[in-house]
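A.B. asks: The following block contains the structure, expressed as structure tokens.
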Amino acid sequence: MAIFVDDKTKVVVQGATGHQGMFHIGEMLDFGTKVVAGVTPGKAGQEVHGVPIFNDVKDAVDETSANTTLVLVPARFAKDAVFEALDAGIKTVVVITENIPFHDAMEFVHYAKYNDAVLVGPNSPGIASPGKSKVGILPGGIFLKGNVGVASRSGTLTYEIVNSLSEKGMGQSTCVGLGGDPITGTSFIGALDAFEKDKDTKAVVLVGEIGGTAEEEAAEYITKNISKPVFAFIAGRTAPPGKRMGHAGAIIARGKGTAASKIKAFEKAGVKLAKFPTDIADLVEKYG
Amino acid sequence: MAIFVDDKTKVVVQGATGHQGMFHIGEMLDFGTKVVAGVTPGKAGQEVHGVPIFNDVKDAVDETSANTTLVLVPARFAKDAVFEALDAGIKTVVVITENIPFHDAMEFVHYAKYNDAVLVGPNSPGIASPGKSKVGILPGGIFLKGNVGVASRSGTLTYEIVNSLSEKGMGQSTCVGLGGDPITGTSFIGALDAFEKDKDTKAVVLVGEIGGTAEEEAAEYITKNISKPVFAFIAGRTAPPGKRMGHAGAIIARGKGTAASKIKAFEKAGVKLAKFPTDIADLVEKYG
Amino acid sequence: MKLFEYRGKELFEKHDISVPKGKLVKNEKDFSGLNFPFILKAQVPIGGRGKAGGIKSVENLKDAKEKFSQIMGMNIRGCTVRKVLAEEKIDIEKELYLSITLDRSKRMPLIMISGEGGMDIESVPDEKIFKEWVNPLIGIQPFNIRSVVSKLKLEKEEEKGVAKVISKIYKLFREYDCELVEINPLIISKDGEVMALDSKVNINDDALYRHPDIEPELVELTPLEKDAKNKGIAFIQLDGNIGVIANGAGLTMATLDALTHFKGDGGVFLDLGGTDDPEKVKQAFELMKKAKPKVIFLNLFGGITKCDTVAKGVKAVITKEGIDCPVITRIKGCNEDIAKDILKDAGLITAATLQDAAQKSCELARGA
Amino acid sequence: MKLFEYRGKELFEKHDISVPKGKLVKNEKDFSGLNFPFILKAQVPIGGRGKAGGIKSVENLKDAKEKFSQIMGMNIRGCTVRKVLAEEKIDIEKELYLSITLDRSKRMPLIMISGEGGMDIESVPDEKIFKEWVNPLIGIQPFNIRSVVSKLKLEKEEEKGVAKVISKIYKLFREYDCELVEINPLIISKDGEVMALDSKVNINDDALYRHPDIEPELVELTPLEKDAKNKGIAFIQLDGNIGVIANGAGLTMATLDALTHFKGDGGVFLDLGGTDDPEKVKQAFELMKKAKPKVIFLNLFGGITKCDTVAKGVKAVITKEGIDCPVITRIKGCNEDIAKDILKDAGLITAATLQDAAQKSCELARGA
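Dropping the structure here:
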């Protein structure tokens with residue numbers, strides 16, 4: 208097993224014939240991902256690395272039984288692309304596109320819920336289940352098959368952490384890049400819930416950062432629902448505070464959202480915290 | 208057991224202090240329904256038959272743990288009322304109100320799906336599970352506790368059929384009035400699915416009428432998914448054809464929607480059909 | 392409510408959808424300002440007017456006057472033509488079909504489009520009619536439009552024009568609470584313009600209160616039906632001679648079915664619905680009398696509408712005005728005993744079951 | 392993007408939300424047309440201007456001139472006042488607080504309202520701030536508004552006025568892709584009008600392309616930050632003296648954290664993001680040089696951004712212009728060997744781990 212993507216995952220790539228699309232279709236195929244279709248309006252009949260291109264997702268699903276989409280289209284077309292995929296019956300949506308207006312993201316995140324679909328992103332680097340499937344732009348070479356689940360709000364930092372796990376021989380069941388935007392579909396809680404149920408996952412690593420209260424909520428959820436050991440790294444302990452959202456931001460946060468608050472919440476939930484990103488591997492080795 | 212409403216049902220009535228609201232709160236209480244709250248904006252603190260009135264559904268749910276709503280508000284406020292109930296976490300919504308613009312109904316039917324809620328109606332007479340709960344305006348006196356499930360698109364006709372079942376000693380597990388509008392939340396399929404799973408239901412009676420293709424779809428569903436005996440009556444075999452919806456209506460229907468088409472579909476699915484409404488009881492007695 | 396073609400086109404123009412230059416003509420003077428050749432089109436709320444001779448092309452003023460006088464006042468399947476639309480002729484390059492209607496089964500608006508528009512659209516096979524459903528929670532999206540338009544195999548510029556029309560039509564459909572917006576044909580003219588040559592717009596009656604700019608038009612109703620509509624009574628006149636009064640549409644329909652079973656024919660379909668007001672019953676019964684059926688069949692199953700309420704209303708009319716046709720009653724349910732008591736001296740024929748009552752009604756209607 | 396108060400109020404007026412009569416004053420002549428007494432308000436993109444003396448009430452022209460010259464040009468927490476808004480004084484009956492912002496956790500707009508608006512809103516306890524979430528699939532509904540307004544215990548007419556403002560503010564929030572619309576205080580005047588005395592409007596940068604009517608305003612940025620923004624580079628100037636270049640916001644933050652751990656201070660936060668263009672790296676490195684940090688710390692984990700791409704960009708700058716501060720590099724990941732090879736003669740200091748590199752950077756920055 209694994210979470211969100213595995214060997215049953217059949218991927219359609221939306222925005223397949225662009226520079227990024229073509230490159231990452233190749234990378235995913237190399238990883239072993241079943242990329243079955245690409246979509247670019249008006250380009251039906253073309254091929255990218257042997258993968259057939261369709262005009263729309265419905266056609267792609269009808270022809271190839273794709274069940275997962277990778278959204279790589281430019282930000283201003285992203286909402287339409289996600290809606291299209293969901294209406295076509297796609298149940299796992301991975302949105303790589305960054306700089307999507309968050310009002311658009313709110314709409315498609317809730318529309319994914321309406322469709323009982325898992326949506327990861329936007330501004331996600333993707334999902335990788337080593338040995339099974341990679342849907343996204345995560346560098347394939349850093350992964351090793353194993354039993355550590357990784358869920359992260361960061362991109363590069365995740366690669367660094369995954370790499371150090373792999374170097375120490377601790378492989379991953381699935382690594383989910385949740386995306387760095389204020390609005391994302393799947394949060395730590397969604398990933399934790401899936402990892403808890405996944406029998407291939409023995410330990411979970413969370414990579415958080417300042418802003419929002421996703422880490423605080425995750426900590427509470429861990430206390431109540433997660434039996435597997437959880438490890439975490441929080442970036443931004445000394446970063447400049449983000450834009451202040453008027454009084455409203457302060458009223459919502461009521462002191463949450465800082466690195467200190469997140470670290471405290473995790474500690475209370477029994478989560479082991481790393482000081483440096485690469486320390487995570489040592490912690491997992493010791494306690495995992 | 209029973210479907211949709213049972214002894215765990217705790218009802219909030221939206222539009223509680225109107226003429227209809229007050230009358231039917233009394234009727235439901237007489238039936239044994241747990242009516243725990245009423246809602247009328249601006250009337251918090253009042254009581255109807257001893258049931259406390261709240262300003263909004265959220266307050267009512269917070270105070271009384273209501274899990275079901277009966278919507279009796281005027282048509283132009285119905286969409287707002289249903290949205291309010293769903294946002295307050297209500298999971299069973301029964302809409303009695305008639306003459307709701309169907310664009311409004313479309314929106315709240317899909318919003319109910321988003322909220323994983325069961326929505327019955329609009330223009331429904333309600334739901335009754337004899338001996339347990341009645342949520343609606345169905346006349347309480349006609350019911351008898353038993354094992355026949357009834358789902359109907361008609362109002363009075365249902366009462367007639369239920370009455371004849373009861374007179375012959377064949378009680379009902381649950382009787383669901385699906386509502387007579389072109390757009391309704393729960394259809395025959397939703398009711399059939401629930402009756403199939405309900406161990407107190409031994410036979411199912413469907414009361415259909417001309418228009419739409421709900422009966423044809425039910426017939427197909429029965430063939431594939433329903434093991435219990437199903438009986439049906441179709442009203443409108445000789446009724447004047449409804450308003451013709453341009454060519455579009457004909458293109459969608461392609462010959463479906465007539466009484467003949469519905470009867471044929473049911474016969475093909477092994478459903479026993481009654482000629483007169485009161486014959487249903489005889490059929491159930493014979494084959495149920 | 393069905394709008395006449397010309398009113399539908401007014402809405403189209405309001406939504407920036409091109410229609411041919413035209414105007415409603417009431418008499419011969421109204422032709423001024425229109426260029427020949429143009430088309431005269433009978434304004435009736437039903438289809439098939441073309442085959443019935445309600446659409447004619449005219450070449451000059453003489454021709455126009457002559458054909459106008461043929462169309463105005465003509466009878467098309469029961470509808471008298473009282474309004475004629477004159478429209479300039481368009482050079483047609485391609486004829487399409489476009490509609491948005493309600494898919495009851497999916498509970499969503501359904502867009503249908505075909506490259507084979509025109510008179511015979513209903514015989515175009517399904518695979519040549521492209522369908523797209525719009526989820527009401529998100530409304531129409533670019534992909535919905537792309538999906539159907541790309542299948543039409545049009546030129547790039549034509550695609551753009553059709554896409555814009557779909558988007559505008561959807562807006563109209565939603566904004567005006569429509570049940571149907573149909574354009575057949577939607578054409579692409581020789582000079583590349585996308586235009587609606589016809590319009591069928593049905594607005595949901597329940598939502599009319601939101602559209603005070605849409606004047607009601609009860610053209611499809613008989614005078615008695617109009618009267619009933621104003622009184623809020625569900626009353627439909629049919630071809631037979633037995634007047635059926637029942638409560639609830641389903642029961643009313645089942646009653647008509649029972650009549651048919653015994654070889655009788657319903658003449659009026661009157662659904663009392665759920666009422667607890669004897670006055671409303673009285674009005675309904677008076678309407679029924681005015682329809683002059685040969686027999687009246689009162690079939691009641693009392694629930695919300697209590698039997699005694701109906702009995703009171705019926706009794707009041709009979710006491711005051713008498714009744715000149717046989718009335719068969721079959722009364723059951725809530726307060727049936729009180730009702731029977733109220734009506735016992737009114738000279739009505741009673742029956743115990745629906746079957747009995749239906750059979751008796753049919754016999755009496757046949758004059759047996 | 393944060394809008395100045397006066398620009399937020401322009402949007403309010405466009406959405407039919409009352410604000411006091413006022414105008415932007417650039418010099419003393421601009422006072423004409425305003426009735427005394429009025430208020431002069433420094434226009435700065437940060438809070439706390441009232442306490443800093445940036446808001447003053449004036450009684451007459453002499454008073455106005457004097458106070459205007461005090462406010463214009465004053466420095467409020469690092470921001471120079473370049474615009475002053477003059478607004479007529481309103482007689483206040485009640486002061487409320489109203490905002491709509493984003494609840495990241497519920498992924499929904501959140502309406503917050505309180506009967507205790509004013510300066511100290513942040514210390515008002517939670518139970519006196521009423522919250523209502525709006526599901527983006529259905530948008531704001533009457534019940535959302537009823538729910539919060541009814542809790543304020545206002546007069547009927549006041550309730551109606553506040554309800555209308557909420558509805559309009561939500562419309563503005565949605566239409567302009569706002570992150571925040573805040574009115575503190577929202578007041579009810581002595582004569583019953585509901586008015587916005589202040590405005591805080593933040594528009595989502597990612598959505599600015601949809602709002603060509605909103606002119607960008609980069610007031611919060613330093614000149615180098617503006618330059619970076621124009622070049623599409625994530626570049627923030629901080630108080631310390633170590634310039635950090637990394638790829639990815641998380642890694643960049645983690646790098647700053649590591650510096651703090653070793654008692655150093657970040658002076659620039661430069662996130663290369665995911666790029667495969669050496670030219671962009673070159674521009675970024677040039678910007679870093681201009682910020683004149685004491686030490687530059689280049690921390691790379693190659694993935695999408697390949698290490699050699701970055702190395703090429705850095706090498707190009709050093710070859711062309713030289714470098715006058717120590718550069719510590721820690722390079723790992725995709726193509727790290729090629730990168731190390733490219734940079735081997737560039738005179739940079741290499742470190743194997745993040746910890747080592749951070750420690751060395753801090754020592755060098757302290758002049759050790």
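Protein chains in written order, with the numbering used here: chain A, 208 to 495; chain B, 208 to 495; chain C, 392 to 759; chain D, 392 to 759. Ideal Cβ placement from N, Cα and C applies to all residues, glycine included. In this text, all values refer to a predicted model and were calculated from it rather than measured experimentally.
1) Does Pro717 (chain C) get closer than 7 angstroms to chain G when you measure Cβ to Cβ?
2) Could you list which residues in chain A have their beta carbon closer than 8 angstroms to that of Tyr321 (chain B), in chain order?
3) Report all residues from its chain with a CB closer than 7 angstroms to the CB of Glu234 (chain B); omit the five preceding and five following residues, and keep chain order.
4) Which residue wins for smallest C-alpha separation from Lys393 (chain C), given the options C:Leu739, C:Glu404, C:Asp568 and C:Thr741?
5) Does the beta carbon of Pro669 (chain C) come closer than 7 angstroms to any beta carbon on chain A?
6) Please identify, using Cβ separations under 7 angstroms, the residues of the segment 250-266 of chain B that lie next to chain D, in order along the chain.
7) On a Cα-Cα basis, can you pick out the residue from B:Phe284, B:Glu427 and B:Ala292 that is closest to Asp269 (chain B)?
8) Is the segment 628-647 of chain D touching the segment 729-736 of chain D in the sense that three or more CB pairs, one from each, lie closer than 8 angstroms?
9) Pull up the DSSP beta-bridge partners for Phe692 (chain C), would you.
10) Return the chain-ordered ranges of every beta strand (DSSP E) run that is complete within the segment 590-641 of chain C and spans a minimum of 3 residues.
11) Classify Pro428 (chain D) as buried or exposed, calling it buried when 16 or more other Cβ atoms lie within 10 Å of its own Cβ.
12) With 16 as the cutoff for other CB atoms within 10 Å, does Glu404 (chain C) come out buried or exposed?
13) Below 8 angstroms, how does it come out for the segment 261-276 of chain A and the segment 508-521 of chain C: are there three or more Cβ pairs, yes or no?
14) Which one of A:Gly443, A:Ala457, A:Val412 and A:Thr445 has the shortest CA to CA distance from Lys435 (chain A)?
15) Give the interface partners of Leu528 (chain C) over in chain A, defined as CB-CB distance under 8 angstroms, in chain order.
16) Taking its Cβ as the centre, do 16 or more other Cβ atoms sit within 10 Å of Arg398 (chain D), making it buried, or is it exposed?
17) Which bits of chain B does His602 (chain C) rub up against, with CB to CB less than 8 angstroms?
18) Which bits of chain C does Pro346 (chain A) rub up against, with CB to CB less than 7 angstroms?
19) Quick one: using the 10 Å Cβ neighbour count with 16 as the cut-off for buried, is Thr613 (chain D) buried or exposed?
20) So Phe660 (chain C) and Leu629 (chain C) are in contact, right, with Cβ under 8 angstroms, and what is the actual spacing, rounded?
21) Should Asp648 (chain C) be flagged as near chain B, meaning a C-beta pair shorter than 7 angstroms?
22) Need the endpoints of the beta strand (DSSP E) that Tyr488 (chain D) sits in, please.
23) Per DSSP, what are the beta-bridge partners of Leu413 (chain A) in this structure?
24) By DSSP, does Ala223 (chain A) sit in helix, in strand, or in coil?
25) Express the C-alpha separation of Gly456 (chain A) and Lys562 (chain D) in angstroms, rounding to a whole number.
26) What do you get for Asp668 (chain C), buried or exposed, if any count of 16 or more other CB atoms within 10 angstroms of its CB means buried?
27) Whole angstroms are fine: how far does the CA of Asp494 (chain C) sit from the CA of Phe478 (chain B)?
28) Just the chain D side, please: which residues come within less than 9 angstroms of Glu291 (chain B) by C-beta, in chain order?
29) Is the number of C-beta pairs between the segment 395-414 of chain B and the segment 426-441 of chain B that are closer than 8 angstroms three or more?
30) At a CB-CB cut-off below 8 angstroms, which residues of chain C make contact with Pro248 (chain A)?
31) Go through its chain and collect everything with a Cβ distance to Tyr494 (chain A)'s Cβ below 7 angstroms, but skip five positions before and after it.
32) Name the DSSP bridge partner or partners of Val461 (chain C)?
33) Do Leu277 (chain B) and Val369 (chain B) have their beta-carbon atoms positioned less than 7 angstroms apart in this structure?
34) Quick one: any contact between the segment 456-465 of chain C and the segment 541-549 of chain C, if contact means 3 or more CB pairs under 8 angstroms?
35) Strictly under 7 angstroms for the Cβ-Cβ distance: is Asp287 (chain B) near chain D by that measure?
36) Could you check whether Asp287 (chain B) and Gln532 (chain D) sit closer than 7 angstroms to each other, using their CB atoms as the reference points?
C.D. replies: According to the data block:
1) The structure shown contains no chain G; the protein chains it does contain are A, B, C and D.
2) Contacts between Tyr321 (chain B) and chain A, judged by CB atoms closer than 8 angstroms, involve His317, Lys320 and Tyr321 in chain order.
3) Once the five neighbours on either side are set aside, the close Cβ partners of Glu234 (chain B) are Gly347.
4) Relative to the Cα of Lys393 (chain C), the nearest Cα in the group C:Leu739, C:Glu404, C:Asp568 and C:Thr741 belongs to C:Asp568.
5) Pro669 (chain C) has a beta carbon lying at 7 angstroms or more from every beta carbon in chain A.
6) For the segment 250-266 of chain B, which is checked against every Cβ of chain D, the residues closer than 7 angstroms are Asn262, Asp263 and Lys265.
7) It is B:Ala292.
8) For the pair of segments examined, the segment 729-736 of chain D was found not to touch the segment 628-647 of chain D: the number of CB pairs separated by less than 8 angstroms stays below three.
9) Answer by DSSP bridge pairing, in chain order: C:Lys723.
10) Counting only runs of 3+ residues, the beta strand (DSSP E) found wholly inside the segment 590-641 of chain C occupies 591-594, 625-628 and 633-637, in chain order.
11) So Pro428 (chain D) counts as exposed.
12) The residue is exposed, with fewer than 16 neighbouring Cβ atoms inside 10 Å.
13) Too few Cβ pairs lie closer than 8 angstroms, so no.
14) Comparing Cα positions, the closest option is A:Val412.
15) Within chain A, the residues near Leu528 (chain C) are Tyr318 and Tyr321.
16) Flag for Arg398 (chain D) reads buried.
17) Going along chain B, no residue has its Cβ under 8 angstroms from His602 (chain C), so there is no contact; the nearest lies around 10 angstroms.
18) Here the premise fails: no neighbours, minimum Cβ distance about 31 angstroms.
19) Counting of Cβ neighbours within 10 angstroms places Thr613 (chain D) among the exposed residues, the total staying below 16.
20) At roughly 6 angstroms, the Cβ-Cβ gap stays under 8 angstroms, so Phe660 (chain C) and Leu629 (chain C) are in contact.
21) With 7 angstroms as the cut-off, Asp648 (chain C) counts as an interface residue toward chain B.
22) That run of the beta strand (DSSP E) goes Ile483 to Asp494.
23) In the DSSP output, where bridge partners are listed per residue, Leu413 (chain A) has A:Ala358 and A:Ala439.
24) Ala223 (chain A): coil per DSSP, three-state reduction.
25) Their backbone Cα atoms lie some 20 angstroms apart in a straight line.
26) Its Cβ having fewer than 16 others within 10 Å, Asp668 (chain C) is exposed.
27) The question names Phe, but residue 478 (chain B) in the sequence shown is Val. Roughly 25 angstroms separates the two Cα atoms.
28) Close partners of Glu291 (chain B) in chain D (Cβ separation under 9 angstroms): Gln532, Pro533, Phe534, Asn535, Arg537 and Ser538.
29) Contact between the segment 395-414 of chain B and the segment 426-441 of chain B is present: 3 or more CB-CB pairs across the two stretches fall below 8 angstroms.
30) Under the 8 angstroms cutoff, chain C gives Arg537 and Ser541.
31) Pro436 and Lys479, listed in sequence order.
32) A small correction: the amino acid at residue 461 (chain C) is Gln; Val does not occupy that position in the sequence shown. Here Gln461 (chain C) is not bridged, per DSSP, to any residue.
33) No.
34) Contact fails: fewer than three Cβ-Cβ distances are below 8 angstroms.
35) Any Cβ of chain D closer than 7 angstroms to the Cβ of Asp287 (chain B) would place that residue at the interface, and such an atom is present.
36) For the 7 angstroms CB-CB criterion, Gln532 (chain D) and Asp287 (chain B) form a contact.
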